[in-house]
Structures are given as C-alpha cells and as structure tokens.
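There are 2 protein chains.
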Amino acid sequence: MHAVELFIQDLAVIMLIAGVVTVVFNRFKQPVVLGYIVAGVIIGPHTPPFNLIQDDKTVHILSELGVIFLLFSLGLEFSLKKLAKVGATAVVAAVAEIMLMIWIGYEIGIYFGWKTMDAVFLGAMLAVSSTTIIVKALNELGMKNEKFAQIIFGILIVEDILAIGMIALLSGIATSGSVDSGEVVNTVGKLLLFMVVSLVVGILIVPRLLNYVARFKSNEMLLVTVLGILFGFCLLVMKLEYSVALGAFLVGAVMAESRQIHRIERIIESIRDMFSAIFFVAIGLLFDPNVLAKYWLPITVITFAVVFGKLFSCGIGTFLAGHGGRTPMRVGMGLAQIGEFSFIIAALGVSLKVTSDFLYPIVVAVSAVTALLTPYLIKAADPLSAKAVELVPKKISGIFGMYASWLESLQPQGEKAEISKIIRRILLQVLVNIALVVAIFLCGAFFVDGIGGWLSAWIGDEQVRKAVIWGGALVLSLPFLIATYRKLQALSMLLAEVGVKPEFAGAYTSGVRRVISEVIPVMSILGIMLLIFVLSASILPPLNLLAFVLLGAAGLLWLLWSKLVKLHSRLQIALFETLDEKPEDSH
Amino acid sequence: MHAVELFIQDLAVIMLIAGVVTVVFNRFKQPVVLGYIVAGVIIGPHTPPFNLIQDDKTVHILSELGVIFLLFSLGLEFSLKKLAKVGATAVVAAVAEIMLMIWIGYEIGIYFGWKTMDAVFLGAMLAVSSTTIIVKALNELGMKNEKFAQIIFGILIVEDILAIGMIALLSGIATSGSVDSGEVVNTVGKLLLFMVVSLVVGILIVPRLLNYVARFKSNEMLLVTVLGILFGFCLLVMKLEYSVALGAFLVGAVMAESRQIHRIERIIESIRDMFSAIFFVAIGLLFDPNVLAKYWLPITVITFAVVFGKLFSCGIGTFLAGHGGRTPMRVGMGLAQIGEFSFIIAALGVSLKVTSDFLYPIVVAVSAVTALLTPYLIKAADPLSAKAVELVPKKISGIFGMYASWLESLQPQGEKAEISKIIRRILLQVLVNIALVVAIFLCGAFFVDGIGGWLSAWIGDEQVRKAVIWGGALVLSLPFLIATYRKLQALSMLLAEVGVKPEFAGAYTSGVRRVISEVIPVMSILGIMLLIFVLSASILPPLNLLAFVLLGAAGLLWLLWSKLVKLHSRLQIALFETLDEKPEDSH
Chain A
131 MHAVELFIQD
141 LAVIMLIAGV
151 VTVVFNRFKQ
161 PVVLGYIVAG
171 VIIGPHTPPF
181 NLIQDDKTVH
191 ILSELGVIFL
201 LFSLGLEFSL
211 KKLAKVGATA
221 VVAAVAEIML
231 MIWIGYEIGI
241 YFGWKTMDAV
251 FLGAMLAVSS
261 TTIIVKALNE
271 LGMKNEKFAQ
281 IIFGILIVED
291 ILAIGMIALL
301 SGIATSGSVD
311 SGEVVNTVGK
321 LLLFMVVSLV
331 VGILIVPRLL
341 NYVARFKSNE
351 MLLVTVLGIL
361 FGFCLLVMKL
371 EYSVALGAFL
381 VGAVMAESRQ
391 IHRIERIIES
401 IRDMFSAIFF
411 VAIGLLFDPN
421 VLAKYWLPIT
431 VITFAVVFGK
441 LFSCGIGTFL
451 AGHGGRTPMR
461 VGMGLAQIGE
471 FSFIIAALGV
481 SLKVTSDFLY
491 PIVVAVSAVT
501 ALLTPYLIKA
511 ADPLSAKAVE
521 LVPKKISGIF
531 GMYASWLESL
541 QPQGEKAEIS
551 KIIRRILLQV
561 LVNIALVVAI
571 FLCGAFFVDG
581 IGGWLSAWIG
591 DEQVRKAVIW
601 GGALVLSLPF
611 LIATYRKLQA
621 LSMLLAEVGV
631 KPEFAGAYTS
641 GVRRVISEVI
651 PVMSILGIML
661 LIFVLSASIL
671 PPLNLLAFVL
681 LGAAGLLWLL
691 WSKLVKLHSR
701 LQIALFETLD
711 EKPEDSH
Chain B
131 MHAVELFIQD
141 LAVIMLIAGV
151 VTVVFNRFKQ
161 PVVLGYIVAG
171 VIIGPHTPPF
181 NLIQDDKTVH
191 ILSELGVIFL
201 LFSLGLEFSL
211 KKLAKVGATA
221 VVAAVAEIML
231 MIWIGYEIGI
241 YFGWKTMDAV
251 FLGAMLAVSS
261 TTIIVKALNE
271 LGMKNEKFAQ
281 IIFGILIVED
291 ILAIGMIALL
301 SGIATSGSVD
311 SGEVVNTVGK
321 LLLFMVVSLV
331 VGILIVPRLL
341 NYVARFKSNE
351 MLLVTVLGIL
361 FGFCLLVMKL
371 EYSVALGAFL
381 VGAVMAESRQ
391 IHRIERIIES
401 IRDMFSAIFF
411 VAIGLLFDPN
421 VLAKYWLPIT
431 VITFAVVFGK
441 LFSCGIGTFL
451 AGHGGRTPMR
461 VGMGLAQIGE
471 FSFIIAALGV
481 SLKVTSDFLY
491 PIVVAVSAVT
501 ALLTPYLIKA
511 ADPLSAKAVE
521 LVPKKISGIF
531 GMYASWLESL
541 QPQGEKAEIS
551 KIIRRILLQV
561 LVNIALVVAI
571 FLCGAFFVDG
581 IGGWLSAWIG
591 DEQVRKAVIW
601 GGALVLSLPF
611 LIATYRKLQA
621 LSMLLAEVGV
631 KPEFAGAYTS
641 GVRRVISEVI
651 PVMSILGIML
661 LIFVLSASIL
671 PPLNLLAFVL
681 LGAAGLLWLL
691 WSKLVKLHSR
701 LQIALFETLD
711 EKPEDSH
C-alpha cells in the first residue's frame, strides 16, 4: 500500500478506537487521558487482535508533536505574575516534593536491583504530579476555587519549571553517562542562563510581533505565526541540545505575556487535543500487559511510594510554608499521582536508549492507578485531617501553633519590609543584566567559527578576528554593563544608608558611606569582567589587542554614556510594559 | 540527525517562512494562499539558497492531510438544503462551465503536443474555480450578499460535487489508461450509488452519534469523534479505491446536517489552517521557476483560456438559466480563476505518475495570475456590461428579452406545478430506495469471500453459502423494496388520475386507471429484481436454491408486511428529522 494510505489507516485506527474508548471512559467519569492510553494498549502489538499500526515512524513523529503542543499549552497557562503571587509556599512544597520523590524513586530502583540510569529516571518520573488529572478531579469535585486548590496550582507551576530543568539535566546525564557534580552545576547554570535570556528577549520581541499580526484579524495568519515561532524556537533549542519540551514551554511562557493570549489559547486548543491524543495513544502502544504480571511487586511498591511520599512531602512543605488546619492534608492528597511529565521523561529515556523496556509499562500502570485514586484521596482528606487532629497529643499540636507564630515573626515589617523589597528588585534586575551580558559573550564564543569564517574575507590575522568578535560582544554588552553598574551603585548607596548608622560611625558616617557606595559597584563590575574573561576564554584576544579593545570600549563609554543609559531604560520600559499588559478578551 | 529533529526542522522552516511571506502578502492585500505557495517556492529545491526540506515523505503525508481537511471543510459548508434552493441556475452554469473548460483544456494540451493524459488532466484542472479566492475577493469588495454572489456560491457547490466525481473518474482513467465510455458509465454509476448510500446512511447515523458525544460538553471528545469518523470513512473510501478527497467531502456534507455543525467548524478550523498551509507550501515546493521561462507560451494561452472560457461559459449558463441584466457578466468574472481543486487534481496526476512534471508549475502559475486578476475582473464587470448593452443591436437584445419570457412560460403553473413537485419527490424517494437495495447486494458481492469464509465453519456447500448470503441481502432489502413498491403504486395512481381523462377514456376510465396503477409498480419491481440479479451475478445461487430463497422471502413478506412498512417509515422519518434540524448556536 501507498505510504499515505498506510498513514491514514493508522490515524483512522487511532482516532476511531480512541473515540470509542474515551466516550466509554467519560461515561464512567474516568479521565480521558486514561482512555487514550487504554486505546493505545488495544491497538498495540502486545494485545490481541494484532498490531494495527503500520507506520510506526510517522506516528512517533506526531506523538512528539503532541509533547510540543502539551508543553506549549502548559507554558501558555504559566505566568510570571501568578508565580510571583503564589510565592514561597509553592516553592517550598515543590522542592520538598521533588527532592524526596527523586530520592525515593532512586532508592526503589536500586532496591529492585535495576540499572543506575533506570533508578535515576524512575526518581524523576515520580517527582512531578499531573496537572491534567488534578484539574479534572478538582473540576468534578467543584473545589477549583478553594484556597488549597490555589496552592496546588502554584506547586504545579513550580514543578513544571523544575521538571523542565530535570529533563534538560537528564538528557545531559544520559549522554555523559555519569552524574558529575561540577557538570551538573555547569549544566544547570547554562540552562538557567538560557531560560532567563530566552524569556527576556522573547518577552521583548514576541508579544509585539503577535500584536502586529493580530491586527490583520485573521486566525489563520495568527496561527501560522504562532506555529512559526514555536517550531522555530524548538529548532534553536534542539540545535543547543536541550529538549524540545523546554523550548515549547518557554515559547508558551513568553506568549502568556501577550495581549493575544486568549485568542492563541483558543486557536491552539484543537491542534493540541489532536496531537496529545496521539501522544497518549502512543504511550499505550508501548505498554505490554505481560510486564504487569511480571512486575506486580515494583508497581505496588511504587504506587504506595507515590501516594505516601507525595502526601508527606507536599503536606509537610505546605505546613512549613505556614499553612495550618486541613490545608496540608488536602494539598498532599491532591498531588498524590503521576502523569504526563512522567510519560515525557519515560519517552526521553527510551529515545536516548538509556532505560530498560520494563520501565515504561510500570510507570503507565502506576499513573493509571494513582490517577484513578486521586478523586477519592481528595475526598478522604478532610476526615483524615480531623482524625489526625484527634490522634495528635495536645503538646505536639501546641508546637505546631508556635511554629506558625514564629514564622509570622520572621516576616520583615514596616520600613524594613519596604527596603528588603527594593533590594530584592534591584538584585533581580542586576542578575538579569548580568545574564544578558554573559549570554552575549557565550553566543560570541559559540558562533566564533561562523563569524570568523565570514570575517576572514576582510581580516587575515586570526588574533585580530578574535579581537573584533570579542570587542563586538563587549560593545553589545555596554548598555547592560552600564545598567548593572548604576543599579549596583544605587544598591550600595541604599545599603550604606541602612547599614552605617551615625550611632556607631559617628563623624566618619558620610565618609564610610561614600566609600562603600563607590567601592561595591566598581568591585562588582571588575568581578563581572573577570567572569566574562573566563567564560569567553576561547575568543579572548592576546593581551596587547585586548588592551586596545578595552581602550576603545572605554572611549565609547565616555562618548555614549547617556545614549547607552537611555537605550537600556527604553528596553527596560518595553519589558515592563509587556509584563503589565492585560490580555484582550477572546473574540 | 534524529528523524524527529529533521521533521521539526522542516515544520519550523515551513511555518517561519510561510508566516513571514503571508504577513507580507496580507499587507499588500494579496491572497494568503499565494503567500503559502511563494513560501514553498522559496523553501523548495529549485530556488536559492537550497532545498531546506529534509523529510520529504512526512511533509508529503501532512500535505495529504491538508487535502483531507480542506475538503472536509468544504463539505461542512455544503448543504443539501442550500443546493435545493439554488436549484437550476447553478447546475446549468456549472455543467456548461465544466464541460467547456475540460474541452478547452484538452484541446490546448493536444495543440501543444502533450501526452493525452496531460491534456485530460489539464482540462480537469481548468474546470473548477477557487472557492477560497472568490470568497476572499467578494469579502473585500463588500459584495458577499448580492444576488450574483449567491449564484456564484451555488455554482461553486455544484462544481465541488462535479469535481469530486471528476477526481474519482480521473483516478479510474489513470489506472486503466484509457477512456472507455462503458467504463465511464459504470464508474460514474457506482460513484453516484456510493455517494447516495453514504449520504443516506451517514445522515441517519452520524448526527445522532455527534449529538450523543456533544452531551459531554468536551471539545476534546467531540474532536476525537469527528476525526475518528473522518479518517475512518476516508479509510473505507480508500479501500474501495476512491479518492480520500471524496471521502472527506462526503463526511463533511453528512456532518453539515448535524446540530453541532457550528461547534465542529470551530474546533476543526485551526487544524485545517495548519495542514492546508502545509499543503499549499508543498505545492510551492514542487514549483520550478525555470519551467516558467520555458513554458511562457502555454501559460499565457491557458490564462487567457481560463478567463475568457469561464467568463463565456458561466455567463451564458447564468443567462440560459434565466438571469438577465448585469448578473451573467458578474458571475462569469467572479468565477474566472482556478485554485485549490486544480492543485488537488495536479497532485493526483503526480501521485498516480501519469502526468508530466511541467504541468504542475504551469497550473500554479496560471492560478497565481488568475487569482491576482479576480478582484479587478469583478470590478470591471459592470462597466463592461454597460458597454456590451450599448454595442449589441436592439434586435438581438429583443431576442434576449423573448428568451426570458419564453423561459418563464415553461414553468408549470398552479395545479400542474403541485403535481410535478409531488412526482419529483416520489421519484427521488424511489431512487434512494433502489440505490440502498443495490448497495446491499453489491456489499454482499463485495464481502462474499469474507462472509463465505466465516460461514464455511457451519455450512459446507458453497452453493448453499451463496444462497444464504443472497437471501440475507434480500431480507435486508425487503423494507426498501416494499417502500419502493408502495411509492410506485402511489405514483402510478397519480399518473393514472392525471393522464387518463374521462373525456377520452369514457366508460373505461376507472378500469384503465386501475390497470395502470397495478401494472406499473409490479413491472417496476420486476425490473428492479432483474437489475439485482445482474448486479449480484457473482453470488447468485443456482435456480433450485434461488426459488427456495425467493419463496422464503415471499413468506416473510406476507408475515411481516406491516412491520416492514413501519420500520421503513421510521427510518424515513429519522432521515427527514435530521435534515430539518436547525444547527445549535456556537457556544
């Protein structure tokens, strides 16, 4: 048969069986996602009648598109502003959960005598809860707007970010084959740098572009533009050897800041549904029920580990972040399952060929069981809380109460709170600027061959070429370096004002303050330059040329100082404008 | 590189360049479709920088999905009711246009010394105008609701149906390699049969199924169901060796009768836009600008032929159907271009490997030029009409006026009009019933091996198996045969009443009437049975068994007559209910 016919046959089989099974699942109020997976198992090669899929390769490609659209949608729902609001609780609980679950998963893997890499991937798979299943369960229970639900959504956002980082990290570990702490720091550092730069540059460019295209009032053009940006960035991310999942999520997060967000969500919905259906069916295709019989013990152990590990870690995390009463139990119960990220990580392990075949069906089985349990666990949370309160002795519950008041007392009050807010804001701005500068030099180093080859037509000497590239990067960085310097100056003036009190420094007060406010920025800039020298070692020109370049930059700085300051402030204003924009109503 | 990465790279390149080019085209008010094609030319292998597409096969598969979704959308906009309203004008004009254009295209091909098959395909490509381009042009000129626009849309609907038939026919001709008139009749007959049966059975089942699924209020489930039905039917159509384009269009036409039509249109919109963009880009990929230079003469000739041929045929057709004044010129100018169907037919020729390589770029070039001309032609229609009226001598315009009044006089009036309406209605019902009966026996013949193999476990003798299958088909057909008989009876009573006037038949009137009303239905049923015997020759049991089967059927008929009548009328009511349903508002 013709290739196209084979493929249409596959699509027909997938969609027909998925349609029937999901209708049945929905009829009995079970998650649609489970329906897709069951449909995949039915279609798949491990169950009768036989393997109904002919063109494995194309189905696999389409299921990858499913991952891209799933994570793009998650990114669209993600919001820097929302994250800032949920704040500490979500971070504390999510970090507690992920660290505990990775450790538990790893230990379980080792206990059953699996390969180290299997154990590592198992840990990662157990770390992240399933947004899809939680949203569905809370919707059906009518609890979506309660306080604990808001905390759960906050935790899910932080989990998404950490999971994206974990996927990038796992790819690195899987390729290098070992967990080298230096390398981990290096990988995580580069990843964070890439994410910050992508978000800043993306938020500066993409929403403006989308606003321009949206003016044409054509859904089709907006769709093509969105898909162009999405796949274009995914391509860039792939070339940098990060996962496309990361790219899709970042593009989504950037577009979430656009005024067109509601229109984008609406036009992308069907495409995501179509490809994510194929993705979940493809998971079912890989599921071998025989593994279920063979690995019933690990599946049972892991299911218990997921439920109790997540209940414990999320509950404790929520409590430590200052929430009492029934909230910790409810949050813990709500998050006690694994889902789509586990499948993505499992798929990653398979495609990198570092995990064993049995891991996939185990994770699918655990996900199915925990997904089915979720609504019942949430419903059981309140009675269990009440019982727990009865059982815990008065003294211990007194200690809990003291912890809450102690936590309250830690919060800075009045003027202090204002100052610490300003300091945090300045530090964030400085960090973003440094990230941009570092990114410019890393790009220079990354593209040195390309640019150098192009320059060689004009400049013969390799060292001079290096000097030109390095100098170019320096010139591009100048606005950000100046901004860093000015922000650090402001910060150190503030610190000097607050830190050096006339009561102690007496007559020296203003002198000490001036020294501090002058020394800190200069020292910091020198530190930053040192960092740049190290990072750009491969394109650093020899000393004499370097001196020449630095001299030139100093001259430029002197000539254009005020222009560069203006340029940076315009960029900054543009960024904050976009972040403060309200989305348009869907129309 | 990994297969998935290659593919994402392709998608990124397609969407990025398509995005940029379409924004530019929209800026200068040119059709988006042309933008896609130009993007494809830029990406393609025939233009610098180089071939940017790595995974030809997957892009080709996705562009086939584009054809499916394009025709599915066309089907959704198609409506049996609308077609009935536009009536004669559209049919006359569309048939005139298609026949003339096929002939012109064929002659041009022969004139330039091309292969017969190239000439045939060229004719087919020139026959159908472009809905996309017309809708866009009329929208921009603000003429969408004028009378001539309604006629144009009617003609487009009829063209779509004829084009679908043409595609099926061309596939047959291309495979058999010759144009055998007997075979054409056979092919067209089977095609019509297939279309009627699909529509009737589809309208009975599909809207009910969609209503059931829509109750779950989940766009995702509705989407999966729609895609399942769409691809499932496309698969069936492919197995019957018709084109998937036909299948997609029929599914769309069936779903157009559903109450969920607006929701379906909305959830399918983005998916269609995505894949149709890929389809049009894929057309551009095949476009070789060198052909343009080499074949400038045919391109010019064909462009003129399209504009003047369509203007002439559609104008004359519209006039012959009774529209005077400026309408014929406007209709002709509006339809003077070729578009998406031409590409689909061109793609068919390429995939069947019967057309030459140069045909594709020629058609793309002609489509581009005529698309660009369309808005100007529509604007030029009124001045040209006025000038034509001036130029035509009074005598001839008098003849035109006489034609119009003569046409009016042909319309049946009063009681006669009522009767001819009833007769037409009964004949349509009889034809549908006969089509269903014929389809049941053809299905029996088609699946005889499968059913026979399955039956062989119980029944040893091959002849007995045949008798069982043939008898089964007869039993299934009984409700439709009875209905046909009853409808024919009613028809012949009516005819006897109208045709046999007491003035002529005198005392014999009632006798003659009774003979007519008894004889016609019996003779007709005997004729139908003969047709069935011929069509089901391959599964016809030997005479003795046949007699046995017929006797059994007669017994069944006697026993269950009233039940079978009831069953059929319930089916008929269900069908008309669905056709009369109003679509729900999109929500």
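As you go down the protein sequences, you meet chains A and B in turn.
Going by our numbering, the letters in the first sequence line up with residues 131 to 717, in that order.
Going by our numbering, the letters in the second sequence line up with residues 131 to 717, in that order.
No residue lacks a Cβ here, since even glycine has one placed at the ideal position from N, Cα and C.
From a predicted model like this one, the values you see are computed outputs, not experimental measurements.
Whole-angstrom distance between residue j and residue i, CA atom to CA atom
i	j	result
Glu227(A)	Phe449(A)	13 Å
Ile446(A)	Glu520(A)	18 Å
Val197(A)	Ser373(A)	11 Å
Glu627(B)	Phe363(B)	45 Å
Val496(B)	Arg396(A)	36 Å
Ile646(B)	Gly452(B)	37 Å
Ala148(A)	Ile703(A)	49 Å
Phe324(B)	Phe576(B)	13 Å
Ser631(A)	Pro609(A)	This sequence places Lys at residue 631(A); Ser is not what is there. Looking at the two C-alpha atoms, the distance is approximately 34 Å.
Leu585(B)	Asn563(B)	28 Å
Leu604(A)	Leu621(A)	24 Å
Phe410(B)	Ala169(B)	9 Å
Ser443(A)	Ile432(A)	15 Å
Arg555(B)	Leu618(B)	12 Å
Leu271(B)	Tyr506(B)	10 Å
Ser328(B)	Ile662(B)	19 Å
Leu136(A)	Glu371(B)	14 Å
Chain B contact residues for residue i, given Cβ-Cβ distances below 7 Å
i	result
Leu357(A)	Met145, Met404
Gln139(A)	Leu365
Pro368(A)	Rather than Pro, the amino acid found at residue 368(A) in this sequence is Met. The contacting residues are Glu135, Ile138.
Ile191(A)	Ala133, Val134, Phe137, Thr188
Close-in-space but distant-in-sequence residues of the same chain around residue i (CB under 6 Å, 5 per side omitted)
i	result
Ser607(B)	Val567, Ile570
Ala304(B)	Leu482, Val484
Val258(A)	Glu289, Ala293, Phe471
Ala511(B)	Met459, Arg460, Met463
Met145(A)	none
Ala133(B)	none
Integer Cβ distance of residue i from residue j, believed to fall under 8 Å
i	j	result
Ser666(A)	Trp588(A)	Actually they do not touch by this definition, with Cβ atoms about 22 Å apart.
Gly205(A)	Val381(A)	6 Å
Contacts of residue i in chain A (Cβ-Cβ under 7 Å)
i	result
Lys187(B)	Ala133
Val354(B)	Met145, Ala148, Gly149, Thr152, Ala407
Val343(B)	Val153
Ala587(B)	Correct list: empty, because the minimum Cβ distance to chain A is about 18 Å.
Close-in-space but distant-in-sequence residues of the same chain around residue i (CB under 8 Å, 5 per side omitted)
i	result
Asn156(A)	Val162, Gly165
Ile281(A)	Val216, Thr219, Ala220, Ala223, Thr448, His453, Thr457, Val461
Val356(B)	Leu340, Met385, Ile394, Ile397, Ile398
Residue range of the alpha helix (DSSP H) that includes residue i
i	result
Trp688(A)	673-710
Phe208(A)	Premise fails: Phe208(A) is in no alpha helix (DSSP H) and is neither H nor E.
His392(A)	391-415
Thr152(B)	133-157
Glu726(B)	Nothing can be reported for residue 726(B), as the shown portion of chain B is limited to 131 through 717.
Glu270(B)	261-271
Partner residues on chain B for residue i, Cβ-Cβ distance less than 8 Å
i	result
Val480(A)	In chain order: nothing, as chain B lies at least about 12 Å away.
Within chain B, partners of residue i - CB distance below 9 Å
i	result
Ile397(A)	Glu399, Ser400, Asp403
Ser259(A)	Those do not exist, as Ser259(A) stays about 21 Å from chain B at its closest Cβ, beyond 9 Å.
Proximal residues of chain A, C-beta to C-beta of residue i below 8 Å
i	result
Asn787(B)	The structure shown does not extend to residue 787(B), since chain B is modelled only from 131 through 717, so no value can be given for it.
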